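Number of protein chains: 2
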Amino acid sequence: MAAEPRDDVAPATSPPQRRLVTMKQVAELAGVAPSTVSRVLTGAATSVSISDETRRRVLASAEELGFRPSRLARGLRGSRTALLGLLVRDLRYPLHQSLVDAIVREAHDRGYHVVIGSTDGLDADQHELERILETRMVDGVVVVGGLDDLPGLVDELYRERIPVVGLGLGSRDGHIPIVRSDNEAGARLAFEHLAELGHRRLAVVVAGVHPEIVDRRDVFLAAAAAAGITVPPAHVIDVANRTDAAETAVAPLLASSARPTAVFCTTDMVARGVLRAAQRAGIGVPDGLSVVGYDDQEWAADWWPSLTSVRQDAWGLGSTAVRLVLEAIDDPSATVPFRDWLPVRLEVRASTGPARPDPVGGTERGD
Amino acid sequence: MAAEPRDDVAPATSPPQRRLVTMKQVAELAGVAPSTVSRVLTGAATSVSISDETRRRVLASAEELGFRPSRLARGLRGSRTALLGLLVRDLRYPLHQSLVDAIVREAHDRGYHVVIGSTDGLDADQHELERILETRMVDGVVVVGGLDDLPGLVDELYRERIPVVGLGLGSRDGHIPIVRSDNEAGARLAFEHLAELGHRRLAVVVAGVHPEIVDRRDVFLAAAAAAGITVPPAHVIDVANRTDAAETAVAPLLASSARPTAVFCTTDMVARGVLRAAQRAGIGVPDGLSVVGYDDQEWAADWWPSLTSVRQDAWGLGSTAVRLVLEAIDDPSATVPFRDWLPVRLEVRASTGPARPDPVGGTERGD
DNA sequence: TTGTAAGCGTTATCAA
DNA sequence: TTGATAACGCTTACAA
């Protein structure tokens, strides 16, 4: 039987799917008005005061009934939903996963839930955004990566008066606060490390066109130039931020006689591709080739050889972003710091070593 | 001054933080009643029909104003919030990260947003759950891992009439649908692989006490027994599902003269610990020791040596779980399949090889 | 075929 | 110090 026995006093509409404790019930039990319950529970110290007796009764009743205020109703009424929107460019990028972890936990610590949206599909971006906004459920938004690919994003969020903070591979010149690591320092650390090891024939693998990536490349090249080292254009390889793409793209370079003795990779994912390509080409790392990565992503220390990499503080990045959005939510008129540079450090591992006087297996013939 | 200049025609309350298009405005522009707009927009084929002319005007007005229905109001009114709760036991466990990715994308494809909650802190579990429920915002919940650690979870969700589906390391005997891989087949595959390679001195590293993990152990041991192989209790090592814990725990085993020639690890994370311990002990893998993992987590193929592992279909697991919850949401009276076994397969890589006649470096003295 | 009105649970304003 | 009341934006009987 699908139908339950009819209840004579059932409400006019279909039986509520979820029986839930409402404020009115608490009020009834406590023998006060709903508004009083609200006042007690919201702890509204606002001007009015409440008799101890009443407060006690209300709290007791709420406790007894297991009352939980509906965030839906609260949100509708105009206050906060305590929901934070999170738009992630690529949920499979290891750094982004760490960021999500950090963001979720920081948000929880501050009493917020996180509504997560992934913008993996290239065209889905706008769509996704609309879905988040459409609900108008979120008090603020953190965008991880790909800010540049969402042209109307900032504007639309701004129009909706929803605070946004960008995180990760975001633009330098947007109109919203962006939390990033100190890419300049990171790229410089990478260069200095290789330079100290005696490397002068360098290459750079550029993982995509995002501003952060480009910054890393530029700073690295500038540092090299300042040290009197020229990196030939053919040694600056543009590639998608994917391991397989990098592996394919650097193969010709490694096969050439003029191949570099060291490679700076702007992300670990492409560094992994370089390691694979070297292995395939029979070039030993670090003896035949030194490789520096960027991100120090999960498990990069377990690769073979373990990867020397510029470590980003994912936890710091995530929690800072959350902190900034929540500040903006709490005080919309306040000016949040426009940008936050988090320090990086170099994790030196087995993928880098001293430059050999002569590249192993190199011939004089170029191509 | 905190107070803003007064606006004579301002609404009684403080100025709405977010100006938004409401249904009433659409109705006004279209020259119809709000209810009509609702009918048109919800596509309510329910009994009533609407004149083409009206429908056209409503749609045009909605489009022109950029109207987006408030999910808040909808949810409050009793319908769906289109929000899916996601409770993740450990957001840093690589398999869980893949599951989150799959879940988020599947949910999006089906028009749902995902509210994510992490239950990393051991005591925060109940707290977290309460927070998700407290909002009563979610139409359903997917719980990834750790279902057993949340005693009251199922009951409470059941009481709230919120559909739940468990995923991953969940209990076998709960009262809710659980989506899992075929652990039996996985453990058997692992054993058969090692047996074919001639291994008879086996060990098992058990990563925690979750039912799935225990199942893998039991099936592996049973298969061994059936093949006439006894795994001594000292070779069954219980350990937390962490790399460092595993590394420490197996060190004595590897140092013993009676050490196994092959180890079955119930997760890749502990397999990584075993690989490290072997490396530290100077035991070559796979020559001195074969290692099989479980999960085939991200990057395990890039370890050294690359890990032979039982691959779980994270994508299939995630999307199936979402499918089941949404089915339950759409039809609360329907009976969803109680359990779903997803197939696994063995990825054979470099960490397993034929058993040596005599364990390398073994002595006769035990300890 | 469409409009009217009530109500979802909460909070803010006003009056008592 | 507290209670009644009116929104918030939407859906859905019921009436027209």
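Quick note, the sequences are listed as chains A and B, same order. Numbering-wise, the first sequence is residues 748 to 1114 according to this note's numbering. Numbering-wise, the second sequence is residues 748 to 1114 according to this note's numbering. Glycine included, every Cβ here is placed at the ideal spot set by N, Cα and C. On a predicted model such as this, the values are computed, not experimentally measured, just so you know.
Bridge partner(s) assigned by DSSP for residue i
| i | result |
| --- | --- |
| Ser865 (chain B) | B:Val835 |
| Ser817 (chain B) | Answer is none; Ser817 (chain B) lacks a bridge partner. |
| Val1032 (chain B) | Answer by DSSP bridge pairing: none, since Val1032 (chain B) is not bridged. |
| Trp1050 (chain A) | B:Trp1050 |
| Leu830 (chain A) | A:His860 |
| Glu1094 (chain B) | B:Ser1056 |
| Arg1041 (chain B) | Just to set this straight, residue 1041 (chain B) is Tyr in the shown sequence, not Arg. For Tyr1041 (chain B), which the question treats as bridged, DSSP gives the partners B:Val1057. |
| Gly1009 (chain B) | Here the sequence assigns Ala to residue 1009 (chain B), which means Gly is not the residue at that position. Ala1009 (chain B) is bridged to B:Leu949, B:Ser1037. |
| Ile850 (chain A) | BP columns for Ile850 (chain A) are empty, so no partner. |
| Ile925 (chain B) | B:Gly913, B:Arg1086 |
| Val978 (chain B) | Paired residues: none, contrary to the question. |
| Ala973 (chain A) | Note: Ala973 (chain A) sits in no beta bridge, so no partner. |
| Ala934 (chain B) | Per DSSP, none; premise fails for Ala934 (chain B). |
| Ala954 (chain A) | A:Val986 |
| Gly887 (chain A) | A:Leu831 |
C-alpha distance - residue i paired with residue j, whole-angstrom precision
| i | j | result |
| --- | --- | --- |
| Pro999 (chain B) | Leu1022 (chain B) | 14 Å |
| Pro816 (chain B) | Asp1043 (chain B) | 43 Å |
| Leu1036 (chain A) | Ala932 (chain A) | 23 Å |
| Thr801 (chain B) | Val779 (chain B) | 8 Å |
| Val926 (chain B) | Glu1074 (chain B) | 14 Å |
| Arg1103 (chain A) | Asp1034 (chain A) | 7 Å |
| His922 (chain A) | Ala1025 (chain A) | 42 Å |
| Arg739 (chain B) | Glu943 (chain A) | Only positions 748 to 1114 of chain B appear in the structure, and residue 739 (chain B) is not among them; the question remains open. |
| Thr769 (chain A) | Asp856 (chain A) | 26 Å |
| Arg803 (chain A) | Arg818 (chain A) | 24 Å |
| Leu838 (chain B) | Gln844 (chain B) | 6 Å |
| Pro958 (chain B) | Ser1003 (chain B) | 30 Å |
| Thr1067 (chain A) | Ala969 (chain B) | 50 Å |
| Gly790 (chain A) | Asp799 (chain A) | 13 Å |
| His982 (chain A) | Ala973 (chain B) | 59 Å |
| Thr977 (chain A) | Thr1008 (chain A) | 14 Å |
| Thr1099 (chain B) | Tyr840 (chain A) | 29 Å |
| Asp962 (chain B) | Pro910 (chain B) | 26 Å |
| Ala1081 (chain B) | Gly887 (chain B) | 14 Å |
| Val1038 (chain B) | Asp1087 (chain B) | 28 Å |
| Arg786 (chain A) | Gln772 (chain A) | 15 Å |
| Leu834 (chain B) | Leu949 (chain B) | 36 Å |
| Val847 (chain A) | Arg824 (chain B) | 32 Å |
| Arg1070 (chain A) | Thr828 (chain A) | 17 Å |
| Gly955 (chain A) | Glu903 (chain B) | 47 Å |
| Thr783 (chain A) | Leu776 (chain A) | 12 Å |
| Val1032 (chain B) | Leu941 (chain B) | 14 Å |
| Glu907 (chain A) | Met1016 (chain A) | 36 Å |
| Glu1045 (chain B) | Ile984 (chain B) | 24 Å |
| Ile797 (chain B) | Asp1060 (chain B) | 47 Å |
| Pro1101 (chain A) | Thr990 (chain A) | 25 Å |
| Ala1147 (chain B) | Gly858 (chain B) | No information on residue 1147 (chain B) is available, as it lies outside the stretch 748 to 1114 that chain B covers here. |
| Gly892 (chain B) | Asn988 (chain A) | 31 Å |
Beta-carbon separation (whole angstroms), residue i vs residue j, contact threshold 8 Å
| i | j | result |
| --- | --- | --- |
| Ser1012 (chain B) | Ala1005 (chain B) | A quick correction: the sequence has Cys, not Ser, at residue 1012 (chain B). The Cβ separation is near 19 Å, so there is no contact. |
| Gly743 (chain B) | Thr1055 (chain B) | What is shown of chain B runs 748 to 1114, which leaves residue 743 (chain B) out entirely. |
| Val997 (chain B) | Val953 (chain B) | With a Cβ gap of about 11 Å, Val997 (chain B) and Val953 (chain B) do not count as contacting. |
| Val889 (chain A) | Leu831 (chain A) | 7 Å |
| Val1057 (chain B) | Ala937 (chain B) | 6 Å |
| Met884 (chain B) | Gly975 (chain B) | Wrong, their Cβ atoms sit about 56 Å apart, outside the cutoff. |
| Gly1063 (chain B) | Leu1093 (chain B) | About 16 Å; that fails the 8 Å criterion. |
| Ala993 (chain A) | Gly1020 (chain A) | 3 Å |
Residues, ordered as in the chain, of the region 1039 to 1060 of chain B that lie near chain A by beta-carbon distance below 9 Å: Gln1044, Glu1045, Trp1046, Ala1047, Asp1049, Trp1050, Trp1051, Pro1052, Ser1053
What are the residues in the region 798 to 822 of chain B lying within 8 Å of chain A by C-beta distance? Arg815, Pro816, Ser817, Arg818, Leu819, Ala820, Gly822
Chain-ordered residues of the region 1015 to 1032 of chain B with a beta carbon less than 7 Å from chain A: Arg1019
Could you tell me whether the region 807 to 814 of chain B touches the region 1046 to 1059 of chain B, using the rule of 3 or more Cβ pairs below 8 Å? no
Three-pair Cβ contact test at 8 Å for the region 943 to 954 of chain B versus the region 907 to 915 of chain B: no
The region 856 to 865 of chain A contacting the region 844 to 851 of chain B, beta-carbon criterion three pairs below 8 Å: yes
If you measure beta-carbon to beta-carbon, which residues of the region 1067 to 1082 of chain B are closer than 8 Å to chain A? Pro1079, Ser1080
Going along the chain, which residues of the region 919 to 940 of chain A sit with their C-beta nearer than 7 Å to a C-beta in chain B? none
When you check each C-beta in the region 852 to 865 of chain B against every C-beta of chain A, which residues fall closer than 9 Å? Arg852, His855, Gly858, His860, Val861, Val862, Ile863, Gly864, Ser865
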